[in-house]
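Peer 1:
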Amino acid sequence: MNGFEGRVAFITGAARGQGRAHAVAFAERGADVVLLDRCEDRDVLSYPMATADDLEETARMVEAAGTRSLVVQADVGDRDAMDAAVEAGISAFGRIDIAVANAGVTLMGSVQHTTTAQWDEVLGSNLTGVFNTIGAVAPGMIERGYGRIVTVSSMLGRQGGTNTAAYSASKWGVIGLTKSAALDLARHGITVNAVAPGNISTPMIHNETLYGHMRPDLESPTADDVEPVFRSLHVQPVAWLDAFEVTRAVLFLAAEDSVHLSGVVIPVDAGNAARTSG
Ligand code: NAD
3 MNGFEGRVAF ITGAARGQGR AHAVAFAERG ADVVLLDRCE DRDVLSYPMA
53 TADDLEETAR MVEAAGTRSL VVQADVGDRD AMDAAVEAGI SAFGRIDIAV
103 ANAGVTLMGS VQHTTTAQWD EVLGSNLTGV FNTIGAVAPG MIERGYGRIV
153 TVSSMLGRQG GTNTAAYSAS KWGVIGLTKS AALDLARHGI TVNAVAPGNI
203 STPMIHNETL YGHMRPDLES PTADDVEPVF RSLHVQPVAW LDAFEVTRAV
253 LFLAAEDSVH LSGVVIPVDA GNAARTSG
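All residue numbers for the sequence shown refer to this note's numbering, where the first residue is 3 and numbers rise by one.
Here you go:
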């Protein structure tokens, strides 16, 4: 089966951006989808998170594609909430076959200026959140002897960067977690793989705060002003990629036929992986 008819996908960070692109693509290919997002801002983050309306809009898009959705507002950093979300998904649709641990936050800040509260938020959402997602879906997948888990790292999970200490640490952690989970779950028919996106055109990079960091010389930088700076971060001459470019890799890893593909990281980063050893 190369489509996803009859499958159930569980997607975190589904209210907007890449999570929404993944959710709609699974729906268009026949899967029912559990859509999870926190939909709440955090004081320690300097850009807005998605809203409950955003999450409802993803649900409308999934339903327009012709399959069912279940909306859950929860924090991936909260293990009890994640266990409850998975239970709700299983009650609604019978099982979860695919999990995409996509929710995440970014933070611009040097290691010497990152506060403990910021560190906790970034590690909690980006790394503990992936651990909780895997932990919550694994028992049902083990019981049924089938699962496809895709985690979301970053090109900063394979290299360091200035002002990205917490983010980079969390995304390196995702890769170690993914490889170890792949080994632990292999005998149960479950694959665990990661995607490592470059700069993707979502609200995570298109926000006033990040624009301000990139062009401190300007009072109110626009997308045009930051475009060359973003372009310099990729090997290929492109500033940002469309979310669907990452979705293509997620669909490939989540396919039933990708049965013996586990523990790998697929970069979708405009050639940046050519600069790293991984
Ligand atoms: P985004 O900000 O548009 O979407 C992230 C979503 O996650 C938001 O809807 C947000 O509300 C949700 N979220 C954040 N923390 C959460 C939590 N603790 N619990 C539940 N939901 C939470 O950004 P995006 O680009 O779509 O990011 C998706 C993933 O891709 C993230 O893991 C991000 O780190 C990663 N990534 C993004 C880029 C990029 O350039 N945009 C590059 C590399 C990796």
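Cβ atoms here follow ideal geometry from the backbone N, Cα and C, with glycine treated the same way.
1. Does DSSP put residue 128 in a helix, in a strand, or in coil?
2. What are the boundary residues of the alpha helix (DSSP H) that residue 92 is part of?
3. Residues in its own chain within less than 6 Å of residue 275 by CB, not counting five upstream and five downstream?
4. When the Cα of residue 31 is compared with those of 39, 258, 194, which residue comes out closest?
5. Check whether the Cβ atoms of residue 245 and residue 202 lie closer than 8 Å to each other.
6. How about residue 269: is its Cβ closer than 7 Å to a heavy atom in ligand 1?
7. If you reduce the DSSP assignment to three classes, tell me which class residue 118 lands in.
8. Please name the residue, chosen from 46, 232, 21, 109, that lies closest to residue 166 on a Cα-to-Cα basis.
9. Quick one: does the C-beta of residue 15 sit closer than 7 Å to a heavy atom of ligand 1?
10. For residue 100, name the three-state secondary structure that DSSP assigns.
11. May I ask whether a heavy atom of ligand 1 can be found less than 7 Å away from the beta carbon of residue 160?
12. To the nearest angstrom, report how far apart residue 14 and residue 221 are at their CA atoms.
13. Name the residue from 183, 278, 235 whose alpha carbon lies nearest to the alpha carbon of residue 1.
14. Thinking C-alpha only, which one of 125, 137, 206, 10 is nearest residue 51?
15. Any contact between the segment 54-61 and the segment 14-27? By contact I mean 3 or more CB pairs, one from each, below 8 Å.
16. Just to confirm the assignment, what range does the alpha helix (DSSP H) spanning residue 253 have?
17. Restricting to runs no shorter than 3 residues, where is the beta strand (DSSP E) found entirely within the segment 159-193?
18. Is there at least one non-hydrogen atom of ligand 3 closer than 7 Å to the beta-carbon of residue 77?
19. May I ask which residues mark the beginning and end of the beta strand (DSSP E) holding residue 269?
20. Answer yes or no: do residue 69 and residue 103 have a C-beta to C-beta separation smaller than 8 Å?
21. Grouping DSSP H, G and I as helix and E and B as strand, with all else coil, what is residue 240?
22. Got a sec? Which residues, its chain only, sit under 6 Å from residue 255 by beta carbon, not counting five neighbours each side?
23. Taking the CB atoms as reference points, tell me whether residue 162 and residue 172 lie closer together than 8 Å.
24. What is the DSSP secondary structure of residue 197, counted as helix, strand or coil?
25. Can you look up residue 13 in the DSSP assignment and give me helix, strand or coil?
26. Would you check whether ligand 1 has a heavy atom nearer than 7 Å to the C-beta of residue 51?
27. Tell me, to the nearest whole angstrom, how far the beta carbon of residue 193 is from that of residue 260; I am working on the premise that it is less than 8 Å.
28. Going by C-alpha distance, which of 253, 54, 139, 129 is nearest residue 90?
Peer 2: On the basis of the supplied data:
1. helix
2. 81-95
3. 269
4. Among 39, 258, 194, the Cα nearest to that of residue 31 belongs to 258.
5. Result yes, Cβ atoms of residue 245 and residue 202 sit closer than 8 Å.
6. Relative to ligand 1, the beta carbon of residue 269 is positioned no closer than 7 Å to any heavy atom.
7. Here residue 118 carries a helix assignment [DSSP, helix/strand/coil].
8. 109
9. yes
10. strand
11. no
12. 35 Å
13. It is not possible to answer for residue 1, since the shown part of the chain is limited to 3 through 280.
14. Measuring C-alpha to C-alpha distances from residue 51 to each of 125, 137, 206, 10 identifies 206 as the nearest.
15. Counting C-beta pairs closer than 8 Å gives three or more between the segment 54-61 and the segment 14-27, which meets the contact rule.
16. Annotation: the continuous alpha helix (DSSP H) that includes residue 253 extends over 245-256.
17. none
18. Absence of ligand 3 from the depicted structure is noted, with ligand 1 being the only ligands included.
19. Run containing residue 269: 267-270, per the beta strand (DSSP E) assignment.
20. no
21. coil
22. Once the five neighbours on either side are set aside, the close Cβ partners of residue 255 are 152, 195.
23. no
24. strand
25. Residue 13: strand per DSSP, three-state reduction.
26. yes
27. 7 Å
28. 139
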